[in-house]
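Report on the structure given below.
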Amino acid sequence: MKIPPNFKYIRTYTLDEYYEKANQTSLPLIISGGTVAVLMLKNRLIRPEAVIDISQIPELNVLKINKDDVFIGANMKLYKLKNVLPNDSASELIVKSASTVGDIAIRSMGSVGGNVCLGDPSNDLPVALTAIDAQAVIGKKDDITYLPITNFYIKPFKTVLNKGEILLGVNYKMLNGYRTSYKKHFINFLDHYVGIVAAIAKIEENAIKDFKMAIGGEAVGKPVKFDLSEFSNVDEIKIIKERIFDYVNTMHIENNRFGTANYKKKVLYTLISRAIDEVLKL
Amino acid sequence: MKIKLNINGTDYESEVEPRMLLVDFIRDVAGLKGTHVGCETGSCGSCMVLLDGMPVKSCLMLAVQAEGKKIITVEGLSGKNGLNKVQKALSERKALQCGFCAAGFSIMGTWILDNEKNVDYQKVKEDIAGVVCRCSGYDQIIKTITEVAKNE
């Protein structure tokens, strides 16, 4: 029987209350859905002084769909996304990635904020959000910062969030008329993803008008965005693949329990190749 | 801390440690032993309950997180007329073998019936992915839930 260590439980109802409590506590664990946090507590991988529950803060439960952009509050449940997001291509990519998280029961508990903030390389939303140039909306007392999601991660399980700060949600521009692809490769017995690829492209009159791609997973540690603007007018898929493979080849990928560097690169090549075929086929 | 949880329409009030898991509250405080503790890692789904109508794994949730929400356990699925449609079908078609996973499949099956449209074998297979049957009798379970859903 796995029982978490003792901690003080603090439920917050407003952002101001959160900022106050978070600053008063030395090692707080912030939970919204709690799927991963409770598991880590049960396995005693973390021993926080206090657990701050933010699930009742109304500002974090909102979804704002503006003319050109969308804001998803950090407490939004992953399962809900497919029913509430607009019908554009960027949202489609987010829904595709969120739909691959665990099973329905996990998605109905897990939140967008939790998936983004944990910093686990296996998490899905960070890769999709990186591909569409989303922003992390970070709140601290009397201030809100908009940070490109690519700059949100420092290393695996480490984000830029400091004590007293909170991820209010994510913000992204709607994209229309794009093709999307989301691929990942799972190591079952280790419960982790070796590689994740999210791609989104716009094809018009047999030419590539826009092409964005991000990769993630254990192989790379934190999401990596490819600058693919140079490919905008290239309709030779083979060349695009070769250039991206060359880039992956120069990346520092470690040998570890998730596999050799060579194996991880092969996995990434396969996923990238499949994603490109899906979004760029003319 | 003192919490009050509504389980199967009944309020259960108790002084608990914040670290108490929802599954332990359901089994030990409310005394509803139909919700099982299996893997304790959120993989097997034996501890599945409905929380405000959505399936959740009660071993991955603190009891204090569920305060103010409506919880339905496998005991709460059956009404005055006995077992509900999914439970009855699983029983009649002998879809379950040892029965340890019964709570998970009954909960998920009932949720599918209430929430999914155009249900087919593949859809049910995807939906029940969070529940593990170690007797590996998935085919009969999926067929049973699919048939009940199609007859709705």
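Chains as they are written, first to last, in our numbering: chain A, 6 to 287; chain B, -2 to 149.
From the three backbone atoms N, C-alpha and C, an ideal C-beta is built for every residue, glycine too.
Burial state of residue 24 of chain B, where buried means 16 or more other Cβ atoms lie within 10 Å: Residue mapping note: residue 24 of chain B aligns to position 27 of the second sequence, counting from 1. That one is buried.
Any residues in the stretch 142 to 161 of chain A with a beta carbon nearer than 7 angstroms to a beta carbon of chain B? Which ones, in chain order? none
Given that residue 59 of chain B touches chain A, what residues does it touch there, using C-beta distances under 7 angstroms? Position 62 of the second sequence, counted from the first residue, corresponds to residue 59 of chain B. Under the 7 angstroms cutoff, chain A gives 39 and 43.
At least one CB of chain B closer than 8 angstroms to the CB of residue 181 of chain A: is that the case? In the first sequence, the residue the question calls residue 181 of chain A occupies position 176. Closer than 8 angstroms: no.
To the nearest whole angstrom, what separates the beta carbons of residue 197 of chain A and residue 250 of chain A, a pair I think is in contact under 8 angstroms? The sequence position of residue 197 of chain A within the first sequence is 192, counting from 1. The sequence position of residue 250 of chain A within the first sequence is 245, counting from 1. 23 angstroms between Cβ atoms; not a contact.
Indicate whether residue 103 of chain B and residue 83 of chain B have their beta-carbon atoms separated by less than 8 angstroms. Numbered from 1 along the second sequence, position 106 holds the residue referred to as residue 103 of chain B. Numbered from 1 along the second sequence, position 86 holds the residue referred to as residue 83 of chain B. For residue 103 of chain B and residue 83 of chain B, yes; Cβs fall inside 8 angstroms.
Hey, would you say residue 78 of chain A sits closer than 8 angstroms to residue 174 of chain A, going by beta carbons? Along the first sequence, one-based indexing puts residue 78 of chain A at 73. Along the first sequence, one-based indexing puts residue 174 of chain A at 169. It is a contact, given that the beta carbons lie within the stated cut-off.
Any C-beta of chain A within less than 7 angstroms: which residues of the stretch 45 to 75 of chain B qualify? Identification of residues in the stretch 45 to 75 of chain B having a C-beta nearer than 7 angstroms to some C-beta of chain A yields 45, 51, 52, 53, 54, 57, 58, 59, 61 and 62, given in sequence order.
Going by CA-CA distance only, name the one from B:144, B:133, B:19 and B:5 that's closest to residue 70 of chain B. Indexing the second sequence from 1 puts residue 70 of chain B at position 73. Taking only the C-alpha atoms, the option nearest residue 70 of chain B is B:5.
Hey, is the stretch 50 to 69 of chain B in contact with the stretch 108 to 124 of chain A, meaning 3+ C-beta pairs nearer than 8 angstroms? yes
Residue 92 of chain B (DSSP reduced to helix, strand or coil): Your numbering for residue 92 of chain B matches position 95 in the second sequence. Here DSSP, grouped into helix, strand and coil, assigns residue 92 of chain B to coil.
Give the list of continuous beta strand (DSSP E) stretches no shorter than 3 residues that lie fully inside the stretch 113 to 183 of chain A. Contiguous beta strand (DSSP E) elements confined to the stretch 113 to 183 of chain A occur at 140 to 145, 148 to 153, 158 to 160 and 171 to 178, taking only those with 3 or more residues.
For residue 95 of chain A and residue 202 of chain A, believed in contact at Cβ under 8 angstroms, the rounded distance: As a first step, residue 202 of chain A is located in the first sequence; it is residue number 197 there, counting from the start. As a first step, residue 95 of chain A is located in the first sequence; it is residue number 90 there, counting from the start. Between residue 95 of chain A and residue 202 of chain A the Cβ distance is about 16 angstroms, and since that is not below 8 angstroms, they are no contact.
What in chain B is Cβ-close to residue 127 of chain A, meaning under 7 angstroms? Translated into the one-based positions of the first sequence, residue 127 of chain A becomes position 122. Result: empty, since nearest Cβ-Cβ is about 14 angstroms, beyond 7 angstroms.
In whole angstroms, what is the alpha-carbon distance linking residue 132 of chain B and residue 41 of chain B? One-based indexing of the second sequence puts residue 132 of chain B at position 135. One-based indexing of the second sequence puts residue 41 of chain B at position 44. The straight-line gap from Cα to Cα measures roughly 13 angstroms.
Using the three-state DSSP reduction, which class does residue 62 of chain A fall into: helix, strand or coil? One-based indexing of the first sequence puts residue 62 of chain A at position 57. Residue 62 of chain A: coil per DSSP, three-state reduction.
Alpha carbon of residue 48 of chain B to alpha carbon of residue 125 of chain B, nearest angstrom: Taking the first residue of the second sequence as 1, we reach residue 48 of chain B at position 51. Taking the first residue of the second sequence as 1, we reach residue 125 of chain B at position 128. One C-alpha to the other measures close to 17 angstroms.
Determine the chain A residues that contact residue 24 of chain B at a beta-carbon separation under 8 angstroms, and present them in chain order. The residue labelled residue 24 of chain B in the question sits at position 27 within the second sequence. Close to residue 24 of chain B, with beta-carbon spacing below 8 angstroms, lies no residue of chain A; the smallest spacing is near 11 angstroms.
Report the start-end ranges of each alpha helix (DSSP H) in the stretch 23 to 81 of chain A that is 4 residues or longer and not cut off at the edges. Runs of the alpha helix (DSSP H) inside the stretch 23 to 81 of chain A: 40 to 47.
Consider the Cβ of residue 9 of chain A: report whether some Cβ of chain B lies at a distance smaller than 8 angstroms. Sequence index remark: in the first sequence, residue 9 of chain A carries index 4 (1-based). Yes, its Cβ sits closer than 8 angstroms to a Cβ of chain B.
Can you tell me whether residue 119 of chain B is buried or exposed? The criterion is at least 16 other CB atoms within 10 Å of its CB, across all chains shown. Within the second sequence, residue 119 of chain B is the residue found at index 122, counting from 1. Result: exposed.
Residue 7 of chain B classed as buried or exposed, judged by whether at least 16 other C-beta atoms fall within 10 angstroms: Numbered from 1 along the second sequence, position 10 holds the residue referred to as residue 7 of chain B. That one is exposed.
Exposed or buried, what is residue 16 of chain B when buried is set at 16 or more other beta-carbons lying within 10 Å of its beta-carbon? As a working mapping, residue 16 of chain B is identified with position 19 in the second sequence. So residue 16 of chain B ends up on the buried side.
Bridge partner(s) assigned by DSSP for residue 201 of chain A: On the first sequence, residue 201 of chain A is found 196 positions in, with the first residue counted as 1. Partner(s): A:189 and A:221.
Pair within 8 angstroms by beta-carbon distance, residue -2 of chain B and residue 84 of chain A: Along the second sequence, read from residue 1 onward, the residue named residue -2 of chain B stands at position 1. Along the first sequence, read from residue 1 onward, the residue named residue 84 of chain A stands at position 79. Judged by beta-carbon spacing, residue 84 of chain A lies beyond the 8 angstroms limit of residue -2 of chain B, meaning their Cβ atoms are not closer than that value.
Under 7 angstroms Cβ to Cβ from residue 44 of chain B, same chain only, skipping five residues before and after it: list those, please. Counting from 1 along the second sequence, the entry for residue 44 of chain B is found at position 47. Excluding residues within five positions, the ones whose Cβ falls inside 7 angstroms are 20, 32, 33, 34, 35, 54, 55 and 56.
With DSSP as the reference, label residue 215 of chain A as helix, strand or coil. Your numbering for residue 215 of chain A matches position 210 in the first sequence. Residue 215 of chain A falls in the strand class under three-state DSSP.
Interface flag, residue 114 of chain A vs chain B, CB-CB below 8 angstroms: Taking the first residue of the first sequence as position 1, residue 114 of chain A is located at position 109. Answer yes: the Cβ-Cβ gap between residue 114 of chain A and chain B drops below 8 angstroms somewhere.
Can you list the residues of chain A that residue 124 of chain B reaches, using a CB-CB cut of under 7 angstroms? Working through the second sequence from its first residue, we reach residue 124 of chain B at position 127. The contacting residues are 109.
I'd like to confirm the pairing. Which residues does DSSP put opposite residue 264 of chain A in its beta bridges? The residue given as residue 264 of chain A occupies position 259 in the first sequence. Looking at the DSSP assignment, residue 264 of chain A forms a beta bridge with A:261.
Which bits of chain B does residue 12 of chain A rub up against, with CB to CB less than 7 angstroms? The count along the first sequence starts at 1 and reaches residue 12 of chain A at position 7. Those are 15 and 16, listed as they occur along chain B.
Could I get the ranges of all uninterrupted beta strand (DSSP E) runs contained in the stretch 52 to 106 of chain B, with 3 residues as the minimum, in chain order? 67 to 69
Residue-chain proximity (residue 58 of chain A, chain B), Cβ-Cβ < 8 angstroms: Taking the first sequence and counting its residues from 1, one reaches residue 58 of chain A at position 53. It does; some Cβ of chain B falls within 8 angstroms.
Interface residues of chain A around residue 39 of chain B at Cβ under 7 angstroms? Working through the second sequence from its first residue, we reach residue 39 of chain B at position 42. Neighbourhood of residue 39 of chain B in chain A, by CB distance below 7 angstroms: 40, 44 and 111, in chain order.
C-alpha gap between residue 134 of chain A and residue 6 of chain A, whole angstroms: Position 129 of the first sequence, counting from 1, holds the residue named residue 134 of chain A. Position 1 of the first sequence, counting from 1, holds the residue named residue 6 of chain A. Between residue 134 of chain A and residue 6 of chain A, the C-alpha separation is close to 37 angstroms.
Classify residue 209 of chain A as buried or exposed, calling it buried when 16 or more other Cβ atoms lie within 10 Å of its own Cβ. Along the first sequence, one-based indexing puts residue 209 of chain A at 204. The residue in question, residue 209 of chain A, is exposed, as its Cβ has fewer than 16 Cβ neighbours within 10 Å.
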